[in-house]
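Engineer: I have a structure I would like to understand better, so I am pasting it below and will then ask my questions one at a time.
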Amino acid sequence: MTFGIWQDAYVQQQVIHGPRSVTGIIGTTMNGVMYLSMPFLSTNMEHGKWAERRKAVALAGTCLACASFFLSSWSTEVWHLVVLQGLLAALGNAMLYVPTTLWLDEWFKDTDRATAYGIQFSIKNIVGTSCPFLMQGMLEHLGFRTALRVWAGIALITSLLGLFLIPSLPPDTRRRPTTVAWSFLRHRTFYIYAIANVVFSSGYGLPQTYLPSYASQVVHLSPTLSSLTLVMFNAPGILSCTGFGLLSDRKIVSASTNTLISAGGSAICVLCFWAIKSNTVPTLLIIFSLGYGFFASGYSSTWGGWIKDLEAEAAQNNEAINSGMLYGFMNGARGIGYVAGGLGGVGLLKPVLSNDYWALGTKYGGVMVFTGITSALGGWGILWNGCKGVRRRAQT
Numbered sequence: 000m001t002f003g004i005w006q007d008a009y010v011q012q013q014v015i016h017g018p019r020s021v022t023g024i025i026g027t028t029m030n031g032v033m034y035l036s037m038p039f040l041s042t043n044m045e046h047g048k049w050a051e052r053r054k055a056v057a058l059a060g061t062c063l064a065c066a067s068f069f070l071s072s073w074s075t076e077v078w079h080l081v082v083l084q085g086l087l088a089a090l091g092n093a094m095l096y097v098p099t100t101l102w103l104d105e106w107f108k109d110t111d112r113a114t115a116y117g118i119q120f121s122i123k124n125i126v127g128t129s130c131p132f133l134m135q136g137m138l139e140h141l142g143f144r145t146a147l148r149v150w151a152g153i154a155l156i157t158s159l160l161g162l163f164l165i166p167s168l169p170p171d172t173r174r175r176p177t178t179v180a181w182s183f184l185r186h187r188t189f190y191i192y193a194i195a196n197v198v199f200s201s202g203y204g205l206p207q208t209y210l211p212s213y214a215s216q217v218v219h220l221s222p223t224l225s226s227l228t229l230v231m232f233n234a235p236g237i238l239s240c241t242g243f244g245l246l247s248d249r250k251i252v253s254a255s256t257n258t259l260i261s262a263g264g265s266a267i268c269v270l271c272f273w274a275i276k277s278n279t280v281p282t283l284l285i286i287f288s289l290g291y292g293f294f295a296s297g298y299s300s301t302w303g304g305w306i307k308d309l310e311a312e313a314a315q316n317n318e319a320i321n322s323g324m325l326y327g328f329m330n331g332a333r334g335i336g337y338v339a340g341g342l343g344g345v346g347l348l349k350p351v352l353s354n355d356y357w358a359l360g361t362k363y364g365g366v367m368v369f370t371g372i373t374s375a376l377g378g379w380g381i382l383w384n385g386c387k388g389v390r391r392r393a394q395t
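Numbering that gives the first Met the number 0 applies: residue 0 is where the sequence shown begins, and numbers increase by one.
Here it is in structure tokens:
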């Protein structure tokens, strides 16, 4: 949520050797590896012997992530950071995140699950809102090496405390199925939502990575104000994550319509505010940060509605389905998007117009176009459902 500040520090402090543009890969690789490992972890920790060892896995993941952050403080090359933060710390984060998510799914299996997911994502945005100034202050006063060591200690203490505060599961959830239900892979709806998730996620990680650099290098804001753009990016998600979850649980709109609201709003914010004159009108950058943060942050909270759609299809066909494992696969689809966007993001750092009168003419122009298009395509499930409705009416 705050990697853009670290990425800007790696470039500005010039203590890491290697291509400066490659530092942007660290954050997107971290997100990608973390999410890509979740289908494997959720499948194994939902069934069999590993289901009883979730807390041990979470503890091991905490230690791995914190040790990786601590060791990365001695990095001298970009590839050191890619390995330690992008790969090892990401795997540790996933080992902590998956057990806690499975516990959440079991606590809210029948009611308000999408809202519970939304509140979980809102907490992520609270961290993203409160931490940028902490990160910026540590980097300015301690340098990135000492700051990484301090952050590793903070992460270790808070993670261990959180794990020990998790209550025991309800008695009726302790007997878990011993077989894996793969029937959801036969349903076209799963692939519709998964593809939309991959496409949307490929662009979602880029503004988080490059927004502070764009604010400081193009708009010429101070380091503090550049960090503030991430705060404005994350703060609206505190409300929108819970809000989109409530829309799913209360069935105010369909799952695909809920997704379209999030995706369409995100695309409008990118193409109408960030990509036009945000390079010379800082107000537009503020509007983009707030608007995109609101709509894009809520996208993952629409997954609860997707899972309900798949559960309904499974019930119609008298099939078993495991929502916790399905949630892991949704995270895996997001991981594919993060990796694709991260690898392609470096090549997108180029203008799409011949002059910088418009923001599209800055070196971030390609990132803006890509993010806008992928945001719009992330809501394509509504088109699929619309086509199905037309076909049904034609058949009747």
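For every residue, glycine included, the Cβ atom is placed at its ideal position computed from N, Cα and C.
Is HIS46 helix, strand or coil by DSSP?
Structural biologist: In the sequence shown, residue 46 corresponds to position 47, counting from 1. Here HIS46 sits in coil by DSSP.
Engineer: By alpha-carbon positions, which one of ALA180, VAL230, PHE243, LEU238 ends up nearest to ASN317?
Structural biologist: Numbered from its first residue, the sequence shown carries residue 317 at position 318. Checked all of ALA180, VAL230, PHE243, LEU238; the closest Cα to ASN317 is ALA180.
Engineer: Kindly list the residues whose CB is nearer than 6 Å to the CB of TRP273, restricted to its own chain and excluding five residues on each side of it in sequence; keep chain order.
Structural biologist: For this step, residue 273 is matched to residue 274 along the sequence shown. The residues are PHE287, MET367.
Engineer: Should ALA375 go down as buried or exposed, given a rule of 16 or more other Cβ atoms within 10 Å for buried?
Structural biologist: Locating residue 375 in the sequence shown gives position 376, counting from the first residue. Answer is buried; the Cβ neighbour count reaches 16.
Engineer: Could you check if GLN315 is buried or exposed, using at least 16 other CB atoms within 10 Å of its CB as the buried criterion?
Structural biologist: Taking the first residue of the sequence shown as 1, we reach residue 315 at position 316. GLN315 is exposed by the Cβ-count criterion.
Engineer: GLU318 by DSSP, collapsed to three states: which one?
Structural biologist: Start at 1 with the first residue of the sequence shown, and residue 318 comes out as number 319. If DSSP states are grouped into helix, strand and coil, GLU318 belongs with coil.
Engineer: Buried or exposed: SER221, going by 16 or more other Cβ atoms within 10 Å of its Cβ?
Structural biologist: The residue given as residue 221 occupies position 222 in the sequence shown. By the 10 Å Cβ count, SER221 comes out exposed.
Engineer: Between VAL97 and GLY327, how many whole angstroms is the CB-CB distance? I'm expecting something under 8 Å.
Structural biologist: Residue 97 sits at position 98 when you count from the first residue of the sequence shown. Residue 327 sits at position 328 when you count from the first residue of the sequence shown. Rounded, the Cβ-Cβ distance is 7 Å, consistent with contact.
Engineer: Given a cut-off of 7 Å on the beta-carbon distance, is the pair LEU95 and THR42 in contact?
Structural biologist: Start at 1 with the first residue of the sequence shown, and residue 95 comes out as number 96. Start at 1 with the first residue of the sequence shown, and residue 42 comes out as number 43. Cβ distance not < 7 Å, so LEU95 and THR42 don't count as in contact.
Engineer: With burial defined as no fewer than 16 other Cβ atoms inside 10 Å of the residue's Cβ, what is the status of LEU164: buried or exposed?
Structural biologist: One-based indexing of the sequence shown puts residue 164 at position 165. LEU164 comes out exposed.
Engineer: Using a 10 Å radius around the Cβ and a threshold of 16 neighbouring Cβ atoms, would you call LEU80 buried or exposed?
Structural biologist: Counting from one through the sequence shown, the residue named residue 80 turns up at place 81. It is buried - the Cβ of LEU80 has at least 16 other Cβ atoms within 10 Å.
Engineer: Between ILE25 and GLY85, which are expected to be in contact by the criterion C-beta below 8 Å, what is the C-beta distance as a whole number of angstroms?
Structural biologist: As a first step, residue 25 must be located in the sequence shown, where it is residue number 26. As a first step, residue 85 must be located in the sequence shown, where it is residue number 86. Rounded, the Cβ-Cβ distance is 5 Å, consistent with contact.
Engineer: At which residues does the alpha helix (DSSP H) containing CYS240 begin and terminate?
Structural biologist: Start at 1 with the first residue of the sequence shown, and residue 240 comes out as number 241. Start and end: 236-248.
Engineer: In terms of residues, what are the limits of the alpha helix (DSSP H) holding LEU160?
Structural biologist: For the purposes of this step, residue 160 is taken as residue 161 along the sequence shown, with counting starting at 1. Segment 112-164, the alpha helix (DSSP H) holding LEU160.
Engineer: Closer than 8 Å is the cut-off here; do at least three beta carbon pairs connect the region 256-275 with the region 135-155?
Structural biologist: Counting Cβ pairs under 8 Å, fewer than three are found: no touch.
Engineer: How many Å lie between SER247 and ALA115 at the Cα?
Structural biologist: Here residue 247 corresponds to residue number 248 of the sequence shown, with the count starting at 1. Here residue 115 corresponds to residue number 116 of the sequence shown, with the count starting at 1. Going from the Cα of SER247 to the Cα of ALA115 covers about 11 Å.
Engineer: Please classify PRO206 as buried or exposed, where buried requires at least 16 other C-beta atoms within 10 Å of its C-beta.
Structural biologist: Stepping through the sequence shown from its first residue, residue 206 is reached at position 207. PRO206 is buried by the Cβ-count criterion.
Engineer: Which same chain residues, not among the five before or five after ASP111, have their C-beta less than 7 Å away from its C-beta?
Structural biologist: What you label residue 111 is simply residue 112 of the sequence shown in a count that begins at 1. Contacts found: ASP248.
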